[in-house]
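K.L.:
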Amino acid sequence: MRYPTLSADVRAFDAAASPSSDESARRAAALDVVRDAVRAEWGPDAIVNVFGSVACGTTLPSSDVDCAVTGAEWGGDDDAGDAAAGGGVGVAAAQDARNRAMKPAMIRAARRLADRLRAMSRSGRPVSSVLAITRARVPVVRTTIRSVGVDVVFGQTNGVAAAAWTKARAEAHAELAPLARVSKAFLRGRGMGDVGDGGVGSHAVTVMLAAYLDDAKRMKTKATSGGGGGGGGGEERADEEEEEGEEDGEIVARVDGDGDGDDSDVVVDVDVGGLLVGFMRACGAVDVRSDVFTTSPPGPGPEPVGWREKPTAWMTRSELSAARADPSDASSDAAAAAAAVAEPPRLGVRDPLAPERNLAAGSHKAEAALRALGEAGEALARMGPARARLDAVVDVEAALRERPGGGDHGRKRPAGGGFDGGGGLAKSHRTSFPAPDI
C-alpha cells in the first residue's frame, strides 16, 4: 500500500535533518581541533578516524561526532586477541580480549588528550567542555568544540568497520538513510534511543532496518521474477498483485529488461512511507524472547536475512528455562551466558561483522521500544494512505532541534528550524570543566 504524503514527509525530514553546509563546516573544524591535539601528543603516526552516524550519513541535528584514534600505542595485545579467536569465541571476544589488555594504555591516552584539550581551551581554542570517562569498558574523552559534541576513543577499529558496512548497505538501499533518521528520531523522542540508558542504539536500528529491507526486497524479487519464469508471466503476476492491493511495507516491483526472468529484470519501486509503516509494524510483532534481527554483508553469499531463532548465549536465565534448556548445569555454555545476562530479556540484533555479538545486549528498554514502534505503525495504518503524516508519530520540530543547553554538549538550533531547515547551529559560549575524569 502506498503512502504518498507520508513518503513526502519522510523525504522532507531527511533533507531537513541532513547537515547544512554550516553544520558540516563546524564538525570539520571540531575534528581539526581534535587532530591537532592528537598530533601534539602522539605525533603524525596517530590517526583520527571518524565513525558512527556522521561517517554513515545518518546524522540527526543532535548527533555527536564519534572518532577513534589508532596508532602503535593502542595496538592491543595481539596474542590475547589471537588466543581468544583461536579458542573459537569469535571476532567480538577477540576484540574484547584486546581491549582488556590495552585498557591501561587507553586510560592514559584519555587523560592526556583531555589535558591537552583543556590547555588548548586556555590558549583560546574553541573548546568549551572536556570530560575523560575512564571507568567505562572503553575509555572515552567527551568534549564540545565549536558547539559540536565529539567523543574520542582509542585503539578501536570495529566502529570504523561498522560505518563502512552501513555505507555499503546504504548504497544497496537508497531508502535506508531516510528511514534510519526517522526511526532514530522516533526512539530518541521517547527516551529509547540511547543505548547507554537502555535504549536501542543507532547502529542496532540501522541493522534492523537493513534486515527488514533485505528481506522485503528479496521476497518481492522472488515473487515477481517467478523463479525463472518468462518475462510476460512476471508482468501478469505483478499486475495481479497490484490489483489485489499491497500490504503496508511491501516493495512494489515490475519486470523490465530482456525478459529472461532472472533477478536482473526486476526493477524495485520504493514507497518509503509504506516501508516506514511496514517496518514499524514488523517491530511490533517481534518477540524479544525468541526472534533475532539478522542480515547479510553486502555482496554474494547465502547468508540468512530477516528474523531467526535467538541463540542461547543471548538468553536470560528465565528465557533458557522457558526454552527448556538446563540453567542449573554450570558446565554448559548456556548456563554461563545466563549468569551474565540480566533481566529483562533483550532484543537480539546480530552484528553483521561479528555474528556472535548482540548489538542490543544492553538495551533493557527494547520491549518498550518495539511496542512503541509497533503502535506507531498501527496508528499510521489506521489513518490510511491519504491521511498518514509523519508528525502524527514524530515530534518533527523537537527532532530538528539540537540538544537543549545544560548538558555536556549543550547546544540547540535557533527557533524556526523546521522542515525548511532554517537556522544554523548556535555557538555555545559556556566553558565548564568537570572533574579530571570519572
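By full-length UniProt numbering, the letter at position 222 of the sequence shown is numbered 222, and the numbering carries on one by one without gaps.
Cβ atoms here follow ideal geometry from the backbone N, Cα and C, with glycine treated the same way.
Where does the unbroken beta strand (DSSP E) through residue 456 begin, and where does it stop?
P.N.:
This structure does not reach residue 456, given that the chain is present from 1 up to 438, and the question cannot be answered.
K.L.:
Starting from L275, trace the alpha helix (DSSP H) in both directions and tell me its first and last residue.
P.N.:
On the sequence shown, residue 275 is found 275 positions in, with the first residue counted as 1. Segment V272 to G284, the alpha helix (DSSP H) holding L275.
K.L.:
If you follow the alpha helix (DSSP H) that L31 is part of, which residue opens it and which one closes it?
P.N.:
For the purposes of this step, residue 31 is identified with residue 31 of the sequence shown, where counting begins at 1. From DSSP, the alpha helix (DSSP H) with L31 extends over S21 to W42.
K.L.:
If contacts are defined as beta-carbon pairs under 8 Å, then V150 and C67 qualify, I think. What distance do you get, rounded to the angstrom?
P.N.:
Translated into the one-based positions of the sequence shown, residue 150 becomes position 150. Translated into the one-based positions of the sequence shown, residue 67 becomes position 67. About 7 Å separates the two Cβ atoms, so the contact holds.
K.L.:
Of all the options T5, R317 and L209, which has the alpha carbon lying nearest to the alpha carbon of A177?
P.N.:
Translated into the one-based positions of the sequence shown, residue 177 becomes position 177. A177 has its Cα closest to that of L209, out of T5, R317 and L209.
K.L.:
Quick check: the Cα distance between S18 and L6, rounded to an integer number of angstroms?
P.N.:
Position 18 of the sequence shown, counted from the start, is the residue given in the question as residue 18. Position 6 of the sequence shown, counted from the start, is the residue given in the question as residue 6. Between S18 and L6, the C-alpha separation is close to 18 Å.
K.L.:
Since A30 and I145 should fall inside the 8 Å C-beta cutoff, what is the C-beta to C-beta distance between them, to a whole number of angstroms?
P.N.:
Within the sequence shown, numbered from 1, the residue matching residue 30 stands at position 30. Within the sequence shown, numbered from 1, the residue matching residue 145 stands at position 145. Yes, A30 and I145 are in contact; Cβ-Cβ is about 4 Å, under 8 Å.
K.L.:
For G75, which of helix, strand or coil comes out of DSSP?
P.N.:
Position 75 of the sequence shown holds residue 75. Coil.
K.L.:
Could you compute how far the alpha carbon of V127 sits from the alpha carbon of S121?
P.N.:
Counted from its first residue, the sequence shown places residue 127 at position 127. Counted from its first residue, the sequence shown places residue 121 at position 121. The alpha-carbon atoms of V127 and S121 are separated by roughly 5 Å.
K.L.:
Between which two residues does the alpha helix (DSSP H) containing T166 stretch?
P.N.:
Along the sequence shown, one-based indexing puts residue 166 at 166. Secondary structure note for T166: its alpha helix (DSSP H) is the uninterrupted segment N158 to A172.
K.L.:
Using C-beta distances below 8 Å, list every residue in its chain close to V182, excluding the 5 sequence neighbours before and after it, in chain order.
P.N.:
Here residue 182 refers to the residue found at position 182 when the sequence shown is read from its first residue. Taken in chain order, the residues that qualify are V10, F13, D14, L276, L390 and V394.
K.L.:
Just the Cα atoms here: how many angstroms apart are F186 and A379?
P.N.:
If you number the sequence shown from 1, residue 186 lands on position 186. If you number the sequence shown from 1, residue 379 lands on position 379. Between F186 and A379, the C-alpha separation is close to 14 Å.
K.L.:
Give me the residue from D287, V288, R108 and E23 with the minimum Cα distance to S63.
P.N.:
Within the sequence shown, residue 63 is the residue found at index 63, counting from 1. Answer by Cα proximity: E23.
K.L.:
Here's a check: name, in chain order, each residue in its chain whose Cβ is nearer than 7 Å to the Cβ of S318, leaving out the five neighbours to either side.
P.N.:
Counting from 1 along the sequence shown, the entry for residue 318 is found at position 318. Hits under 7 Å: E343.
K.L.:
Consult DSSP for G189 and reduce its assignment to one of helix, strand or coil.
P.N.:
Stepping through the sequence shown from its first residue, residue 189 is reached at position 189. Reduced to three states, the DSSP call for G189 is helix.
K.L.:
What does a CB cutoff of less than 8 Å around V207 pick up in its chain, not counting 5 residues either side in sequence?
P.N.:
For the purposes of this step, residue 207 is identified with residue 207 of the sequence shown, where counting begins at 1. Counting only Cβ-Cβ distances below 8 Å, and skipping sequence neighbours, we find F293, T295, V349, R350, D351, P352 and L359.
K.L.:
Any idea if P104 is buried or exposed, counting beta-carbon neighbours within 10 angstroms, 16 or more meaning buried?
P.N.:
Counted from its first residue, the sequence shown places residue 104 at position 104. P104 is classed as exposed because its beta carbon has fewer than 16 other beta carbons within 10 Å across all chains shown.
K.L.:
According to the Cβ coordinates, are T356 and V288 closer than 7 Å?
P.N.:
Residue numbering aside, residue 356 sits at position 356 when the sequence shown is read from its first letter. Residue numbering aside, residue 288 sits at position 288 when the sequence shown is read from its first letter. In the sequence as displayed, the identity of residue 356 is Glu instead of Thr. No.
K.L.:
May I ask which residues mark the beginning and end of the beta strand (DSSP E) holding G348?
P.N.:
Walking along the sequence shown from the start, residue 348 turns up at place 348. G348 to D351 is the extent of the beta strand (DSSP E) around G348.
K.L.:
Would you identify the three-state DSSP class for D66, choosing helix, strand or coil?
P.N.:
Walking along the sequence shown from the start, residue 66 turns up at place 66. The three-state reading of DSSP puts D66 in strand, counting E and B together.
K.L.:
Looking only at its own chain, which residues have a Cβ that is under 6 Å from the Cβ of P69, when we skip the five neighbours before and after it?
P.N.:
On the sequence shown, position 69 is the one that residue 69 refers to. Inspection of the sequence shows that residue 69 is occupied by Val rather than by Pro. Answer for V69: V38, A46, V48 and F154, listed in chain order.
K.L.:
Going straight from the alpha carbon of A372 to that of S53, what length do you get?
P.N.:
Taking the sequence shown and counting its residues from 1, the one referred to as residue 372 is at position 372. Taking the sequence shown and counting its residues from 1, the one referred to as residue 53 is at position 53. Straight-line Cα distance between these residues: approximately 23 Å.
K.L.:
When you compare the CB positions of A132 and F51, do they come within less than 7 Å of one another, or not?
P.N.:
To locate residue 132, count along the sequence shown from 1; it is residue 132. To locate residue 51, count along the sequence shown from 1; it is residue 51. No, the pair does not count as a contact, with Cβ atoms beyond the cut-off.
K.L.:
Hey, could you find the ends of the beta strand (DSSP E) D291 is sitting in?
P.N.:
Indexing the sequence shown from 1 puts residue 291 at position 291. Taken as a continuous stretch (DSSP letters only), the beta strand (DSSP E) holding D291 covers D291 to T294.
K.L.:
Would you decide whether D309 is buried or exposed? Buried here means 16 or more other CB atoms lie within 10 Å of its CB.
P.N.:
As a first step, residue 309 must be located in the sequence shown, where it is residue number 309. The amino acid occupying residue 309 in the given sequence is Glu; Asp does not appear at that position. Exposed.
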